[in-house]
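Accompanying notes for the structure given below.
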Amino acid sequence: MRPSGYMPQLDALRTVAVLLVIVFHWFPTGEGINRLPNGTIGVLIFFVLSGFLITQILLKNRNAIHAGQTTPGHVYRNFLIRRALRIYPLYYLTITFVFILLPKFSDIDEHPLYYYFYGSNILLQRTGNWADILSPFWTLAVEEQLYLIWPWVVLVTPKNAFHWILGLMIGSGVAFRAFAYVQGNLDGVLTPACLDSFGMGALWAYVTIDQSTLIPSFLKKMSIASLLALGTFFALLFLPTTHFVVVLLQRFTISILALFAISRASIGVGGWIGQVLNNKALQYFGRISYGIYVFHMLVPSFGVELVVTAFHRFGVSLTLGYWTHRLLSLVILLTSASLSWYIFEKPLNNLKRYVPYKLVSQPISR
40 MRPSGYMPQL DALRTVAVLL VIVFHWFPTG EGINRLPNGT IGVLIFFVLS GFLITQILLK
100 NRNAIHAGQT TPGHVYRNFL IRRALRIYPL YYLTITFVFI LLPKFSDIDE HPLYYYFYGS
160 NILLQRTGNW ADILSPFWTL AVEEQLYLIW PWVVLVTPKN AFHWILGLMI GSGVAFRAFA
220 YVQGNLDGVL TPACLDSFGM GALWAYVTID QSTLIPSFLK KMSIASLLAL GTFFALLFLP
280 TTHFVVVLLQ RFTISILALF AISRASIGVG GWIGQVLNNK ALQYFGRISY GIYVFHMLVP
340 SFGVELVVTA FHRFGVSLTL GYWTHRLLSL VILLTSASLS WYIFEKPLNN LKRYVPYKLV
400 SQPISR
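Position 97, counted from 1, in the sequence shown is what the working numbering calls 136; the numbers after and before it change by one each time, with no gaps.
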C-alpha cells in the first residue's frame, strides 16, 4: 500500500505536534507534563511532515515534466504561489498586528525586515531573544527559505541520483549542528541545522514515488531504526542539553521517530492507534493547526486579558487560577484558529485551483 491523495491521519499528527509546542510554551520547562523536549519534538514532526508532503508534490511534478505535461519554471512559479496563498496572509497579518499594536514584545520593532522577509531565524540566532513573542516564527522562516531552493533541487536532479541528494541533505543537518556547536551556537535555528529533519521526510516521499516496490522493506527497516532511535532518545535525556552528543543526535533521533509515525500514518494505521488518529476532532484541529501555531503565543498574554476585560465591562468578574487560565487560553486559541480557518485561510486556500501545476491546454512539444 502506498500514500495517495488526502491522508487524514497526518492531520491528527499535526494536532499532536502543535499540542506539544503549546505545552512547551505554556508550562514550566522541565516540570510536570513538560519534562520532555516537547517543543523540539513538535517542531521536528512539522519539519519531517513538510519534507514528505512538499517533496512528494515536487517528485510527481518532476515526472510530469519528463512526460511533457509542464515545465520546471511553471512548476516552480505555481509552487511558490500556492505556498504563498497558504502561508503568507495569516503570517503577515499577525506580524503586522504585533508590529503596530505590540511592538515592545517583539524584536520586530527594531528589525522589521527580518520578519517581513522571512529571516527571523537569522535574527534569533544573533540575538538569542526567546522572550520575543514572535520567536516561534523562526520555524516558518526556515520553511520559506527551504521553499526557495528545494524545488529546483528536486526538479533538476536526475532521477537515478536523487538518493545521493537525500543522503547529503540528512548528513548536512547533523554536520552543520556539529560545526555550530564548535562555534558556540546551540540554538539550531538556521536552516542548515534542520536539513536532516526535512531530508527524512523527503526520503519517504522518494520511496513512495520513485521506489514504491521498496515500501514494505522500508517500513520494516524503519521499525528497527525507530526502536534504536527511541532508546537513544531516552539515553540522551540523562545528558545535559548542551552536551555535544545531545546537540548532534537528539534532533536526528526525534526525526527518525517522526518519520516512523508519518510513514505509517500516511498509508493508514490500524488498531487502537488508528482509531485515535481517525478521530474527527483530532483531524479537524490538525487542519487548523497553522492558525493554532501562529496564535498560540499571543492568546495567553493578550487574548485572555481581552476576554476578561470584556466580561468585566458586562459586570462579570472572572478570577482565573493557573489551570483555569490555561483552559480559557485553549478555548480562545481554538476558537480564534477556527474563525481564521473558515473566514480567512480556507477561502484563500481555495484559490489554489487557479494555479495548477500542469499546463492543461496542451502537451509540451519536445
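Each residue gets a CB set at the ideal place from its N, CA and C atoms; glycine is no exception.
For residue i, the nearest candidate out of the options (CA to CA)
i                 : options                        : result
phenylalanine 237 : Ile80, Gly78, Lys391, Thr94    : Thr94
proline 190       : Ile61, Val60, Leu162, His113   : His113
methionine 46     : Phe201, Ala349, Lys319         : Lys319
glycine 270       : Tyr323, Thr252, Leu287, Ile293 : Ile293
leucine 52        : Met336, Gly307, Val338, Leu366 : Gly307
threonine 374     : Gly310, Leu234, Gly330         : Gly330
valine 286        : Tyr323, Phe201, Ala232, Asn102 : Ala232
serine 379        : Lys397, Ser328, Phe350, Trp362 : Ser328
aspartate 249     : Ile295, Phe201, Gly206, Thr230 : Phe201
Inter-residue spacing [alpha-carbon to alpha-carbon] between residue i and residue j
i              : j              : result
valine 87      : glycine 354    : 48 Å
isoleucine 263 : leucine 321    : 28 Å
leucine 225    : histidine 364  : 32 Å
leucine 258    : isoleucine 301 : 11 Å
valine 62      : methionine 336 : 11 Å
serine 211     : leucine 194    : 20 Å
glycine 240    : glycine 90     : 4 Å
arginine 290   : proline 339    : 28 Å
glutamate 36   : glutamate 183  : Only positions 40 to 405 of the chain appear in the structure, and residue 36 is not among them; the question remains open.
histidine 105  : proline 128    : 33 Å
threonine 247  : proline 255    : 10 Å
arginine 352   : threonine 358  : 14 Å
serine 404     : valine 394     : Summary for serine 404: the model assigns pLDDT 39, below 50, so the residue's position carries little reliability; its value from the coordinates is reported in the next sentence. Whole-angstrom Cα-Cα distance: 21 Å.
tyrosine 155   : threonine 252  : 44 Å
aspartate 235  : threonine 110  : 28 Å
lysine 198     : methionine 208 : 16 Å
Inter-residue CB distance, residue i and residue j (contact presumed, cutoff 8 Å)
i              : j              : result
tryptophan 177 : leucine 187    : Not really, about 16 Å apart at Cβ, beyond 8 Å.
aspartate 146  : asparagine 168 : 6 Å
glycine 325    : isoleucine 371 : With a Cβ gap of about 19 Å, glycine 325 and isoleucine 371 do not count as contacting.
valine 137     : tyrosine 332   : Rounded, the Cβ-Cβ distance is 15 Å, inconsistent with contact.
alanine 297    : isoleucine 84  : 5 Å
CB contact below 8 Å: residue i versus chain C
i              : result
isoleucine 312 : No chain C appears in this structure, which consists of one protein chain only.
Give a yes or no on contact between the segment 114-127 and the segment 136-149, applying the rule of three or more CB pairs nearer than 8 Å.
no
Does the segment 99-107 touch the segment 73-88, meaning 3 or more C-beta pairs lie closer than 8 Å?
no
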